[in-house]
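With my numbering applied, the sequence shown covers 73 to 286. Backbone N, C-alpha and C define an ideal beta-carbon position, used for all residues, glycine too. What you are looking at is a predicted structure, and each value in this text was computed from that prediction instead of being measured. Notes to accompany the following structure.
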Amino acid sequence: MFFFRTNDNAAAINIGLMGGTFDPIHVGHLVTAEEARQQFDLDYVVFVPTGNPPHKEKEIITLPEHRYLMTSLAVMSNPYFFVSSVEINSEKPSYTIDTVKHFSGNEKEGPALFFITGADAILEIFSWKDYEKLLRLCTFIAVSRPGYSLDRFRETLDQVCPDMINKVHLLEIPALAVSSTYIRERVALGKTIKYLTPEPVEQYIKKHGLYLTG
Ligand code: NAP
């Protein structure tokens, strides 16, 4: 396991786990991770591209190797950002509970984990495997695009599981107006994606002919 401070007197370490399909990664994801790092005093943010998302069995998703490599290219210039292959290297369905357990380790004083992902995804958390255990193991940062109704989210949360309110923080990120879907659509239409994703990712997409068919 990486990322543990060796000094016994050091304050507990905070790790952000940035979960997503990243098909492809874009500036919205990067701005989100950096904002979360600063607001929540995170020591590192580890991007975790999904392997076999159980909720997307019928969707066509780009090969995990491509998504992992694009994510690695995108985070290269930030010393606080890392990428984990824990989900893409597993043939089992990617359940967040398994990923979080992987990072929490066995130590009594393990790191404080913050799972960062889209508010839309977190809204469905009550259908996730072992969600109650998951809520005990980490704090969630639910990220929303501008215009997303945070009230609806709070209401749902309050109805379904009032205790959870303290375990979920909401973060509004204007740059999330960019989405992976938008990028895929633009590539399929032959439109430029310059500045929507870091240049090495743009080049990677071009080189491998990704998203040409939408
Ligand atoms: P998704 O349905 O693809 O995305 C939902 C929305 O959230 C989209 O608008 C998406 O925008 C945005 N989003 C996704 N990841 C984001 C991130 N890290 N930061 C900001 N916005 C983000 O969601 P998903 O990628 O499949 O799932 C998100 C995470 O939840 C993954 O880590 C997944 O493994 C986990 N999850 C776990 C379970 C389970 O354990 N049973 C079930 C569902 C999801 P973009 O398309 O632009 O990214």
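Per DSSP, His-241 is one residue of the beta strand (DSSP E) stretching across 240-244. In terms of side-chain proximity, the C-beta atom of Thr-228 is found no nearer than 7 Å to any non-hydrogen atom of the ligand NAP. For Thr-211, same chain residues with a beta-carbon under 6 Å away, outside a window of 5 residues either side, are Phe-186 and Lys-239 in chain order.
Here the stretch 100-111 lies against the stretch 245-260, with 3 or more beta-carbon pairs under 8 Å apart. Pairwise C-beta distances place the stretch 156-171 in contact with the stretch 126-137, as three or more of them are shorter than 8 Å.
Across the structure, Glu-204 and Asp-235 are spaced so that their CA atoms are roughly 10 Å apart. If you look at Ile-277, you'll find it in the alpha helix (DSSP H) that goes 271-280.
Going by beta carbons, Thr-143 and Thr-122 fall outside the 8 Å limit.
Sequence-distant Cβ neighbours of Met-90 in its own chain, meaning closer than 6 Å and more than five residues away, are Ala-105, Val-117, Phe-119 and Ile-188. Burial state of Ile-87 is buried, judged by a 10 Å Cβ sphere holding 16 or more other Cβ atoms.
Set against 7 Å, the gap from the CB of Ala-193 to the closest heavy atom of the ligand NAP is smaller.
In this structure, the alpha-carbon of Ala-84 lies about 8 Å from that of Gly-182.
Distance from Leu-114 to Pro-272 at the Cβ level is roughly 24 Å; contact not present, criterion being Cβ atoms closer than 8 Å.
Residue pairing by DSSP puts Pro-121 in a beta bridge opposite Gly-92. Taken through DSSP and simplified to helix, strand or coil, Val-155 comes out as strand. Separation of Lys-263 and Glu-107 (C-alpha to C-alpha, rounded to the nearest whole angstrom) is 29 Å. Boundaries cannot be given for Phe-198, as no beta strand (DSSP E) includes it and DSSP labels it neither H nor E.
In the DSSP annotation of this structure, Val-259 is not part of any beta strand (DSSP E); the continuous alpha helix (DSSP H) holding it starts and ends at 252-260. Pairing Thr-228 with Leu-195 gives a Cβ-Cβ distance under 8 Å. Taking C-alpha positions only, Phe-112 is separated from Val-215 by approximately 13 Å.
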